[in-house]
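In this text, residue positions in the sequence shown follow this note's numbering: the first is 32, and each later residue adds one. Think of the CB as a built atom: it goes at the ideal place given N, C-alpha and C, for glycine as much as any other residue. All values reported here derive from a predicted model rather than from experimental measurement.
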Amino acid sequence: MQDLLKRGYSVRAESKATHVRSLFKAYVDKLEIMEVPDITQPGAFNAAVQGVDAITHTASPFHFSADDPNELIGPPGPQLQHIAVLSSGAAVTGSLDRGELHKRTWNEEKSAAEVREQGCTASQSAKYRASKALAEKAQVRDLVGLVALNPPFVFNPILHKVASPATLNSSVVLFYEAILTQKKTPEELAKVQVSWFDVRDVSLGHVCVLEVPAAGGQRFILTASMFIWQDWCTCFPV
Numbered sequence: 032m033q034d035l036l037k038r039g040y041s042v043r044a045e046s047k048a049t050h051v052r053s054l055f056k057a058y059v060d061k062l063e064i065m066e067v068p069d070i071t072q073p074g075a076f077n078a079a080v081q082g083v084d085a086i087t088h089t090a091s092p093f094h095f096s097a098d099d100p101n102e103l104i105g106p107p108g109p110q111l112q113h114i115a116v117l118s119s120g121a122a123v124t125g126s127l128d129r130g131e132l133h134k135r136t137w138n139e140e141k142s143a144a145e146v147r148e149q150g151c152t153a154s155q156s157a158k159y160r161a162s163k164a165l166a167e168k169a170q171v172r173d174l175v176g177l178v179a180l181n182p183p184f185v186f187n188p189i190l191h192k193v194a195s196p197a198t199l200n201s202s203v204v205l206f207y208e209a210i211l212t213q214k215k216t217p218e219e220l221a222k223v224q225v226s227w228f229d230v231r232d233v234s235l236g237h238v239c240v241l242e243v244p245a246a247g248g249q250r251f252i253l254t255a256s257m258f259i260w261q262d263w264c265t266c267f268p269v
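Rendered as structure tokens:
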């Protein structure tokens, strides 16, 4: 939202109105807020998308506390062309996959099979990974020209209000626990994790794919590098 407003776009957002307006007071003439009471209902976004040229879908559930897989695996979103969707690296790869990954790589068999077979007793990782792969597949099938962006862990500055560490989103709470609580052992700090990407570059990616017509129908894996938690501890000594 911030990058779009800075570039002169008018933005209509489904968000927490008071806080968002306070963050972007300089763009009051370019920002419209519409709250959607229940995004899972058919046609929930019909009014919100009237008259818009493009949509960026920048958030979907990321947590490992779902009992029912359907908390994560749900409707793919509004039926409109020119959409940039924030998917996930979890839609590309499974936790044990190795080798080269590219835009034609999908993680849909192992995780989805585990969820189908085990339901609520499936692992939290399988529920999450299946939700990302199945949702993106459905969106690609139903929306011609859709652009998917697939980052791994997303770190760095947050704009939303945080009342306590317990309200941090899942990526950031992992960062908080690793760096600030000092609870990880030296062995855990040295263990290689998956890749990461800067949230500001994720935002820029959404803007770029909407501005470049050739991006339509493509899938972009966004990644900086793999990491170990010790890398971040060294950068941000407590």
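About 18 angstroms separates the CB atoms of VAL230 and MET257; that is not less than 8 angstroms, and the two are not in contact.
8 angstroms or more divides the Cβ of GLN261 from the Cβ of LEU211. Residue pairing by DSSP puts PHE186 in a beta bridge opposite ASP229.
DSSP, reduced to helix, strand and coil, places VAL203 within a helical segment of the structure shown.
Within its own chain, the residues whose Cβ lies closer than 7 angstroms to the Cβ of PHE228, once the five positions on either side in sequence are excluded, are PRO182, PRO183, VAL185, LEU253, THR254, ALA255, listed in chain order. Distance check between MET32 and each of VAL123, GLY120, ILE189 places ILE189 closest, using alpha-carbon atoms only.
SER202 counts as buried, since at least 16 other C-beta atoms from the protein chains shown sit within 10 angstroms of its C-beta. Around the Cβ of LYS163, a 10 Å sphere holds 16 or more other Cβ atoms; the residue is buried. Excluding the 5 residues flanking it on each side, GLU63 has same chain C-beta neighbours closer than 6 angstroms at ARG43, in chain order. In the three-state reduction of the DSSP assignment, VAL51 falls in the helix class, which pools H, G and I.
Sequence-distant Cβ neighbours of LYS134 in its own chain, meaning closer than 6 angstroms and more than five residues away, are ARG250. For VAL146, DSSP assigns no beta-bridge partner whatsoever. The shortest C-alpha to C-alpha distance from PHE55 to any of GLU66, LEU35, ILE70, VAL67 is the one to LEU35. When the alpha-carbon of ASP60 is set against those of GLY125, ALA79, GLN72, GLY39, the nearest one is in GLY39.
Put simply, of SER142, ALA169, GLN155 the residue whose alpha carbon is nearest the alpha carbon of SER118 is ALA169. Around the beta-carbon of HIS50, fewer than 16 other beta-carbon atoms lie within 10 Å, marking it exposed. If you check the CB distance, THR136 and VAL123 come in under 8 angstroms.
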